Structures are given as structure tokens and as C-alpha cells.
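In terms of this note's numbering, the sequence shown opens at residue 9 and continues consecutively. Where a beta carbon is used, it is the ideal one built from N, C-alpha and C, also for glycine. Model, not experiment: these values are computed from the prediction. First the structure, in the form of C-alpha cells, and then the observations on it.
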Amino acid sequence: MRFLCVAKSDEKTERGAPPSAEMIATMGAFVEEQMKEGVLLATEGLHPSSKGARVRYSHGKLIVTDGPFAETKEVLASYALIQVKSKEEAIERVARFLKLSGGEGEADIYQVYEPSDFGS
9 MRFLCVAKSD
19 EKTERGAPPS
29 AEMIATMGAF
39 VEEQMKEGVL
49 LATEGLHPSS
59 KGARVRYSHG
69 KLIVTDGPFA
79 ETKEVLASYA
89 LIQVKSKEEA
99 IERVARFLKL
109 SGGEGEADIY
119 QVYEPSDFGS
């Protein structure tokens with residue numbers, strides 16, 4: 009099972025504050041471990057929403073809104089694509105990530121469709 013895990017932004021990440029050298033080392037070791045285990049397929053941090061845009065198409069009209077976005081809770085700071093045996097395992101791994109990244113934060117987990125979900 010694959011899951012897309014998205015960590016929510018906060019005031020610090022929205023300011024574009026770089027992580028400390030200690031945090032980079034901690035996360036680097038965590039990422040390396042997860043990759044060696046074959047769990048982590050892809051991961052990246054994201055720039056603050058001030059460098060992004062929201063694109064919407066409604067009633068035949070394209071609407072583009074440049075960042076930053078007001079609701080930090082709805083903005084993403086990073087993502088990871090993982091492959092695990094269950095949703096419970098995905099939750100455990102994301103909880104570990106949140107603990108390592110400062111013990112605060114919020115993330116969403118979405119199961120990715122597989123070809124077998126469509127009878128293939």
C-alpha cells in the first residue's frame with residue numbers, strides 16, 4: 009500500500025525559516041533509514057505559500073490567486089510518498105516523523121490508488 013503523507017505548514021515554515029543544522033542532520037538520518045528499509049519512495053520540503061499560487065477553474069473561468077495563503081493550517085510544508093503494509097503502519101511512521109521534527113505539527117495521510125483497485 010502506498011500513502012501520500014503531507015505535513016502541514018506553520019508560522020515558522022511560512023516565514024521561510026530554514027531548519028537548524030541539527031534538524032537537517034536528524035531528518036537526513038531518518039530519511040536515509042526509511043529509504044534503506046524500502047518504505048520511503050519520495051520526499052521533499054516545500055517553499056512557503058508566498059512563492060506559490062492557487063489555481064481554480066469554476067463555471068468556465070480560470071481563477072489564479074497568488075500566495076501567501078491566509079489559512080496556514082491548509083498550507084503544506086512537505087510531502088512523502090511511502091510504501092507500507094497498512095494504514096496503521098503509515099500512521100506510526102508519520103507520528104515518528106512529527107516527533108523527530110520538533111514534537112509539534114500535523115500531517116494528513118492519503119492512500120494512493122493502485123492498478124489493482126480498478127480490477128487490473
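Each of THR34, LYS93, GLY24 and LYS69 was checked against the Cα of GLY60, and the nearest Cα belongs to GLY24. In the DSSP assignment, LYS44 falls within the alpha helix (DSSP H) that extends over 29-44. The criterion of a C-beta distance shorter than 9 Å is satisfied by ASP116 and LYS16. Counting only the Cα atoms, PRO56 lies some 31 Å from GLU122. Rounded to whole angstroms, the gap between the alpha carbons of SER86 and TYR65 is 25 Å. With a 10 Å radius around the Cβ and a threshold of 16 neighbouring Cβ atoms, ALA88 comes out buried. Membership of ALA50 in any alpha helix (DSSP H) is not indicated; the residue belongs instead to the beta strand (DSSP E) covering 48-53. Under the three-state reduction of DSSP output, VAL102 falls in the helix class.
Judged by their CB atoms, SER109 and MET35 are nearer to each other than the 9 Å cut-off.
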